[in-house]
Structure formats: C-alpha cells, structure tokens
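Structure first, then comments.
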Amino acid sequence: MKITILTLFPEMYEGFLNTSMIKRIISKDLVEFKIVDIRDYSIDRYRHVDDTPYGGGAGMLMRVDVAHHAILDNATSKTRVLLTSPKGKKYTQEDAKRLVKEEEILILCGHYEGIDSRIEKYCDEMVSIGDYILTGGELASMVISDSIVRLIEESISPESLKEESFEDGLLEYPQYTRPVEYDGEEVPFVLTNGNHKEIRRFNLKNALKETLKYRPEMLEGRVFTPEEEKLLIEIQEESCEE
Ligand code: ADE
C-alpha cells in the first residue's frame with residue numbers, strides 16, 4: 053500500500069516514520085510513505101501557497117490551484133484522496149478497516165486557516181479526527197495513517213489478530229503483568245492458572261463489563277452471541293448483589 057501525504061510541514065513526519073512499528077512495516081515493504089511539500093507546487097518564486105480570502109476575513113487561505121496541482125501530480129485514478137478537516141465525517145475504526153483495502157491513499161493536510169473551498173471537488177472524502185480544531189491536518193494525517201498501517205495484515209501477530217476478532221466492537225479487557233501483587237492489588241487468580249478456556253471467558257466477560265461501564269453506546273445494535281448473553285446476565289446479577 054502507498055500513502056502519500058501533502059503537507060506544508062514535512063519535517064513533522066520524521067519522528068512518526070522513524071519510530072517503532074511504522075518504521076518496521078516500512079522496512080518490510082508492506083507500506084510506502086511519500087511526504088510531499090505543498091510549497092513545491094507554489095506558483096511564485098517566494099514559494100507562497102496562500103492568499104487573502106475574497107470578501108474579507110482574517111488570515112490567509114491555501115490556494116486551490118496550488119493544492120490541486122499537488123494532488124494531480126501525486127495521485128492516479130486508483131488513489132483515494134482524503135482531505136483532513138474539522139468539517140469532515142468523524143473518523144472511526146470502520147474507516148480504517150475500509151481504507152486499508154485501498155491500494156493508494158493520498159491525504160491532503162488542511163491548512164490551519166483553511167483552504168479555498170473549491171478543493172473539495174478534487175477530494176473523495178473529508179475526514180475529521182474529532183470535534184476539536186487542530187492547527188493543521190498533519191496530526192490528523194498521522195492518526196489516520198497510523199490506524200491503517202497497524203491493520204496491514206502481516207504487521208500484527210496472528211495472536212493479536214485473533215484477540216481482535218473476539219473483541220470486535222468491545223473495549224479491551226483489563227490486562228496484567230508481573231508482579232502478581234502490587235500495593236495490595238492482586239492479578240485475578242484465573243489469569244495465572246493456565247486454563248485457556250476459563251481465561252477466554254473471563255476476558256470476554258470483562259470486555260463486556262468495561263464496555264457497559266465506559267462506552268455503553270458501543271453495544272447498541274450489537275447481535276450478542278449466546279455466550280455473551282449468558283455473561284451479560286451474570287454481570288447484571290453481580291451488579292444487583294453489590
Ligand atoms: N484540521 C483541524 N482540525 C481537524 C480535525 N479535528 N480533524 C481533521 N483535520 C483537522
């Protein structure tokens with residue numbers, strides 16, 4: 053897969069691309085990143101990319117011609133073109149799962165003061181990473197590409213893939229490592245006794261519990277398996293006893 057990012061701040065990607073999992077996946081040729089400086093498409097010798105808005109208003113807007121040329125030069129007919137914007141549809145794990153199937157993605161990073169609206173015609177979708185305003189789309193583009201890259205099949209171990217399908221649509225269950233007792237808190241005994249069937253059931257029950265407690269809306273419309281139904285009844289009975 054190829055991910056191209058059009059940005060005014062290419063230096064922001066140095067840490068992102070040279071660290072940990074992303075670096076490992078790039079080195080395995082599972083994903084190719086291309087970071088493009090939008091200023092390379094400036095039409096004047098001062099490398100300007102923005103101009104004052106028609107009708108007045110504060111700040112400068114990125115010019116549509118500059119941004120469009122940058123897209124044209126870096127996309128093909130099979131490229132999915134994304135524009136980061138607080139106006140966009142809120143990005144979710146479902147979007148990451150959909151986008152990982154694309155051969156090529158191009159992310160145009162929005163400018164902190166905005167882009168000439170005519171650019172939207174050349175983008176397939178606008179994406180927001182949350183209801184807050186960032187200074188630019190760079191962090192959003194890293195969030196989006198990070199979530200896609202970690203889904204690239206070979207990049208995650210078969211065990212974690214299995215766990216994910218079991219947990220699909222649920223929050224993660226609490227996990228523990230050594231020491232077995234810390235500050236009076238003990239690791240639940242069932243996790244230490246090696247009975248994999250019991251451990252799986254315990255973890256599924258706790259994933260349901262965590263989701264009910266912190267993100268109950270995630271369970272709306274979920275079709276529960278018979279095992280999950282049973283565990284939910286147990287959870288309900290336990291909460292009545294408390
Ligand atoms: N640019 C500024 N704020 C943003 C947001 N929340 N998501 C995506 N791009 C943005």
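Numbering follows the numbering used here, with no gaps: position 136 of the sequence shown is 188. C-beta: ideal position from N, C-alpha, C; glycine also.
Reference residue i; option with closest CA among the options
i    : options                   : result
K295 : T128, V275 and M53        : Outside the shown range of the chain (53 to 294) lies residue 295, about which nothing can therefore be said.
I185 : I55, G140, M73 and K265   : G140
E155 : K257, L82, E262 and I123  : L82
I258 : D220, N245, E237 and L283 : The question names Ile, but residue 258 is Asn in the sequence shown. Comparing Cα-Cα distances from N258 to each of D220, N245, E237 and L283, the minimum goes to L283.
L243 : V101, F254, E237 and Y234 : F254
S94  : C161, I78, G109 and A119  : A119
Y174 : R76, E289 and T128        : T128
A148 : I204, P62 and F276        : I204
P278 : L256, T263, S291 and E293 : L256
R331 : Y225, E233 and S291       : Here the chain covers residues 53 to 294 and nothing more, so residue 331 does not appear.
Q161 : G189, F241 and R91        : Here the sequence assigns Cys to residue 161, which means Gln is not the residue at that position. For the residues G189, F241 and R91, the minimum Cα distance to C161 belongs to G189.
E262 : L223, P105 and I157       : L223
Y143 : S169, M194 and Y106       : M194
D220 : E146, D117 and E289       : E146
N126 : I157, G108 and F241       : I157
E63  : R76, I77, D89 and T71     : D89
S72  : D176, R202 and G108       : R202
E172 : D117, V275 and D102       : D117
P105 : V275, L191 and R170       : R170
M121 : G107, R132, V101 and G108 : Checking the sequence, you will find His at residue 121 rather than Met. For H121, the nearest C-alpha among the options comes from V101.
K130 : D176, N247 and N245       : D176
E66  : S291, L191 and P240       : L191
Residue i CB to nearest heavy atom of ligand 2 below 7 Å
i    : result
I181 : Annotation note on ligand 2: not contained in the displayed structure, which lists ligand 1 as its ligands.
Rounded Cβ spacing between residue i and residue j (contact assumed at less than 8 Å)
i    : j    : result
I251 : I196 : Contact flag wrong, Cβ pair sits at about 34 Å.
L151 : I200 : 5 Å
R91  : L69  : Their Cβ separation, rounded to whole angstroms, is 19 Å, which puts R91 and L69 out of contact at 8 Å.
E280 : L260 : 6 Å
D235 : I74  : About 35 Å; that fails the 8 Å criterion.
L6   : I285 : Outside the displayed range of the chain (53 to 294) lies residue 6, so it cannot be described from this structure.
Practice task
Count the C-beta pairs between the segment 225-237 and the segment 263-271 that are closer than 8 Å, then say yes if the count reaches three, no if not.
Solution key: no
Problem - Three or more C-beta pairs below 8 Å linking the segment 128-146 and the segment 166-186 - result: As far as the Cβ criterion goes, the segment 128-146 touches the segment 166-186, which means the pair count is three or higher.
Practice task
Count the C-beta pairs between the segment 162-173 and the segment 97-113 that are closer than 8 Å, then say yes if the count reaches three, no if not.
Solution key: Touching, yes.
Practice task
Assess, as a yes-or-no matter, whether the segment 55-75 is touched by the segment 84-102 under the definition of 3 or more beta carbon pairs within less than 8 Å.
Solution key: At 8 Å Cβ cutoff, the stretches touch.
Problem - 4 or more residues per run - each alpha helix (DSSP H) lying fully within the segment 145-185 - result: 145-151
Practice task
Jot down the residue ranges of each uninterrupted alpha helix (DSSP H) in the segment 237-294, minimum 4 residues, whole runs only, in chain order.
Solution key: 248-266 and 278-293
Handout entry: Complete alpha helix (DSSP H) runs within the segment 62-112 (minimum length 4 residues, chain order)
Key = 65-69 and 72-79
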